[in-house]
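Mapping of the sequence shown onto this note's numbering: residues 673 to 1377, in sequence order. Scroll down for the structure; my scribbles are underneath it.
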Amino acid sequence: MDSVKTICPYCGVGCGLEIFGAADKRRVRGDRDHPSSQGLVCVKGATILESLERDRLTYPMMRSSLTEPFQRISWDQALDAIAARIRALLVTQGPDSICMYGSGQFLTEDYYVAQKLIKGCLGTNNFDANSRLCMSSAVSGYIRSFGADGPPACYDDLEQTDYLFAIGTNTADCHPIAFNRFRKYHKAQGDRVKLVVADPRRTATAEVADLHLAIRPGSDIDLVHGIAHLLWQWGAIAKDFIIDHTEGFEAYLTLLKDYTPDRVADRCGIDRADLETAARWWAESERVLSIWSMGINQSAEGTAKVRSIIDLHLLTGQIGRAGAGPFSLTGQPNAMGGREAGGLAKLLPGYRLISNAADRAAVEQFWQVPTGRISPREGRDAWGIIEGLERGEVGLLWIAATNPAVSFPDLNRTKAALQKSPFTIYQDAYYPTETAAYAHLLLPAAQWSEKSGTMTNSERVVTLSQAFREPPGEARADWEIFAAVGRRLGFGAQFQFGDAAAVHREFVQLTAGRPCDMSGMDHDLLAKGALQWPCPRDRPDHKNLTKRLYEKGQFHTPSGRARFSACDTVGLAEPPDDDYPLVLTIGRLYGHWHTQTRTGRIDKIRKMYPEPFLEIHPTDALPLGLVDGEPVVVRSRRGVAQFPARVTTAIAPGTVFAPMHWGFLWADGAEANALTHPAVCPDSLQPELKACAVRVERPEKMGDK
Ligand SMILES: Nc1nc2c(c(=O)[nH]1)N[C@H]1C(S)=C(S)[C@@H](COP(=O)(O)OP(=O)(O)OC[C@H]3O[C@@H](n4cnc5c(=O)[nH]c(N)nc54)[C@H](O)[C@@H]3O)O[C@H]1N2
Ligand SMILES: Nc1nc2c(c(=O)[nH]1)N[C@H]1C(S)=C(S)[C@@H](COP(=O)(O)OP(=O)(O)OC[C@H]3O[C@@H](n4cnc5c(=O)[nH]c(N)nc54)[C@H](O)[C@@H]3O)O[C@H]1N2
Ligand code: SF4
Ligand SMILES: [Mo]
């Protein structure tokens, strides 16, 4: 075969890949023509081909209870079983007893067909995705501050800024190619360009910072308002921008007055001088770019954290220009596509909202379903599904392209709820996975390389992910499975898609005239190269014309002005106390991807990380007599886990860190999420997966408890 161009299926950087070589000796390299990655790849992209054929789920399997073994069944039997169950539930418990939990690893086409089935045909908004655990605070923040979702900046800004403020993001490990672009530029510019990293860990990102602010977990709003307080005190604010393009400044200013430098330094656990340096560099910089990811979003005040960062940009007019803006990095390869296709329980395709009657009507009409079919009630969020299972309100749970038996909060409670599910469908590419243990029906999914469709990266660039292999056994694309169920339920007219390109053609029509306008894109055009939205149909040459949003200071709010938030901080949902004196934070390693379904099957990556671990500062380890490399027991109010200790000054005293990657299939008792709690941000409903109170013990003490 010649070469095929596609997109890396891991992180939201969305690197372009080129696959070349004969079918039995395929190799991968970076696509030099791709605008986002310019030919670069990290270890995950470089090794992706090695995982594709190991331990695949190749045919449907079913069982009547979780204690029985699975039996192979045909697709017809599987689809009949689903349709029969759905029909019965629509009559007995109503549409809201049906829930689907999807993933930012869906293609946009998968997402779109799922929305049409669940929201448009079945009439429930119970579609949520793992993106709820990932970027929903960024979505809420953008919507509240700008009147619409959508990251305003682009990766080129990483090479055009004077000051990169990286808060709650380990970009070097988790968005490596985007970070490499900055790193090269930073180095070349010498002292002129500053990198400030705010993170309780001295991560690979913090290692190359000009200033690392090792703040206490949960003190981000203090830090950001503290910087704003100083900028206001020094008069380093953009008065004209504030007057012409914003609203709510006075309330914000009143709030800022309380965030005095001494109070802020104390609450963040940093030196006042460092706070002043971070603010001074901001004041002195022509162009400031903030980037963030899970250290901000995964918080019970996640939306407020996001908005406080946006406030700082509004205060200083740092938006809508090259090298400037508040830029959330999306984690998964197509979390952005999920937003565009309406893949959360409060969204509809084309950046529309369930809560907006006109939005519902427009989508109903387009889908040719009866008026009022789309429910005006927002659906269950991720944790709401668990609560629904606990209360017996969920009759069918359909999970696809995510592994909640590892990644959900409060894992013991999650597993107990999954045990109670009357009927769980699990649609995944691999077997076994942890969540398969909680399923009644397993559906084999075609994955990346075996199906075509689109993905949108953090900077709004849409890339066609092209199939270049056949799916193994009977595996099918997710969208095809959803469409087949739709047809079986009698919605023939709605699901007559010949291929993924036809799904895409239909979907983009729903984006016409919307902030995420992609109506000028189609698969043929995307096969020639990636395109950035907005990309309306009437664009003459389909070139990327709008690299940055809000260049004219015109926002999507009714007044056209961006809104200051004036959000006070409430701190952590579960602060440390005498019984549980440390804060556990949980995150990622450079080589592994989430629950290891792929990376755990790649020898090179397994060798990089032979086991999980707990990072603990010597100040906390010494009094406990902990020795580097020896096992420690970590307890929270909800669970217990055991890890080898890694005694290191790379973690702030009072905080401990564990990776999220080891579910029960990959290590005994090292499930970090057994410790976490399910408290959520009231606005985004995103759980605070980044912090819970724990106590660390030596294993001998286990029997005493
Ligand atoms: N290698 C690799 N890359 C990935 C992924 C992967 O699994 N592996 N997953 C992808 C996905 S889906 C996502 S969402 C992204 C996540 O990307 P990141 O958000 O960069 O990764 P995390 O390690 O989850 O968390 C980032 C940092 O938040 C810090 N942190 C914890 N609490 C706080 C706090 O209260 N305040 C601040 N300021 N910082 C805090 C942690 O110490 C950690 O270093 O990565 C994507 N890229
Ligand atoms: N404590 C703590 N918990 C966290 C986080 C954290 O930082 N701290 N991060 C959270 C975040 S940001 C995220 S994104 C989640 C990630 O958590 P998950 O989504 O649970 O993790 P993955 O391992 O990415 O699961 C993806 C699954 O999809 C399958 N798959 C891959 N491609 C396809 C496909 O095309 N179709 C189908 N049907 N299946 C496919 C894979 O085999 C795998 O089983 O974890 C969350 N949990
Ligand atoms: S940076 Fe992300 S998208 Fe790029 S190769 Fe690595 S994992 Fe893939
Ligand atoms: Mo994520």
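Note that the Cβ used here is the ideal one computed from N, Cα and C, for glycine as well.
A residue is called buried when at least 16 other Cβ atoms come within 10 angstroms of its Cβ; lysine 1018 meets this threshold and is buried.
Under the DSSP assignment, serine 980 falls in the alpha helix (DSSP H) whose first and last residues are 974-987.
Nearest C-alpha to arginine 1318 among Asp1171, Tyr682, Asp1292 and Tyr931: Asp1292. Of Arg744, Ala753, Ile745 and Cys680, the smallest CA-CA separation from alanine 718 is found for Cys680.
Between the alpha carbons of isoleucine 790 and glutamate 1152 lies a distance of about 14 Å. Those residues that bring their Cβ nearer than 5 Å to a heavy atom of ligand 3 are Cys680, Tyr682, Cys683, Val685, Cys687, Val713, Cys714, Lys716, Gly717, Pro848 and Ile849. According to the DSSP secondary-structure assignment, histidine 884 is paired through a beta bridge with Val869. For lysine 677, the uninterrupted beta strand (DSSP E) run begins and ends at 676-679, by DSSP. Checking the DSSP bridge columns, you'll see tyrosine 1252 has no partner listed. Assigned with DSSP and collapsed to three states, phenylalanine 1095 falls in coil, not helix or strand.
Counting only runs of 4+ residues, the alpha helix (DSSP H) found wholly inside the stretch 1276-1363 occupies 1290-1296, in chain order. In this model, isoleucine 1258 and alanine 1363 are separated by some 7 Å (Cα to Cα).
The shortest C-alpha to C-alpha distance from leucine 724 to any of Ser1231, Phe1140 and Gly1326 is the one to Phe1140. Contact between alanine 750 and leucine 1113 holds: their C-beta atoms lie close to 6 Å from each other, under 8 Å. By the criterion of a C-beta distance shorter than 6 Å, valine 1041 is surrounded in its chain by Gly792, once the five residues flanking it on both sides are discounted. In this structure, threonine 1241 places its C-beta atom within 7 Å of the C-beta atom of aspartate 894. Here alanine 1238 is near leucine 927, since their CB atoms are less than 7 Å apart.
Setting aside the 5 residues that flank it on each side, valine 865 is surrounded in the same chain by Thr833, Asp834, Tyr835, Leu836, Tyr857 and His858, each with a C-beta closer than 8 Å to its C-beta; the list follows chain order.
The residue from Trp1334, Cys1353 and Pro1295 with its alpha-carbon nearest to that of leucine 1286 is Trp1334.
Measuring C-alpha to C-alpha distances from serine 1308 to each of Leu1261, Ile1274 and Pro1248 identifies Pro1248 as the nearest. Taking all protein chains in view, the Cβ of tryptophan 1039 is crowded by 16 or more other Cβ atoms within 10 Å, so the residue is classified as buried. DSSP places isoleucine 815 within a helical segment (H, G or I) once states are collapsed to three. If you draw a straight line from the Cα of serine 971 to the Cα of arginine 952, it is about 28 Å long. DSSP lists Leu1136 as the bridge partner or partners of threonine 1126.
Under the DSSP definition of a beta bridge, glycine 702 partners with Leu689. DSSP places leucine 1244 in the coil class of the three-state scheme, outside both helix and strand. When the beta-carbon positions are compared, histidine 847 and leucine 1001 come within less than 7 Å of each other.
Three or more Cβ pairs closer than 8 Å define a contact, and the stretch 675-694 meets that threshold against the stretch 1005-1024. Annotation: the continuous beta strand (DSSP E) that includes serine 962 extends over 960-964.
Contact between serine 1356 and serine 808 holds: their C-beta atoms lie close to 4 Å from each other, under 8 Å. Membership of phenylalanine 1154 in any beta strand (DSSP E) is not indicated; the residue belongs instead to the alpha helix (DSSP H) covering 1150-1160. If you measure from each CB to the nearest heavy atom of ligand 4, the residues under 6 Å come out as Cys806, Gly1003 and Gln1004. By the Cβ criterion, the stretch 1161-1174 is not in contact with the stretch 1090-1105, since fewer than three pairs of Cβ atoms, one from each stretch, lie closer than 8 Å. Assignment of methionine 734 by DSSP, reduced to helix, strand and coil, places it in the strand class.
With 16 or more other CB atoms across the displayed protein chains lying within 10 angstroms of its CB, glycine 967 is buried. For methionine 734, the Cβ stays outside the 6 Å cut-off from all heavy atoms of ligand 1.
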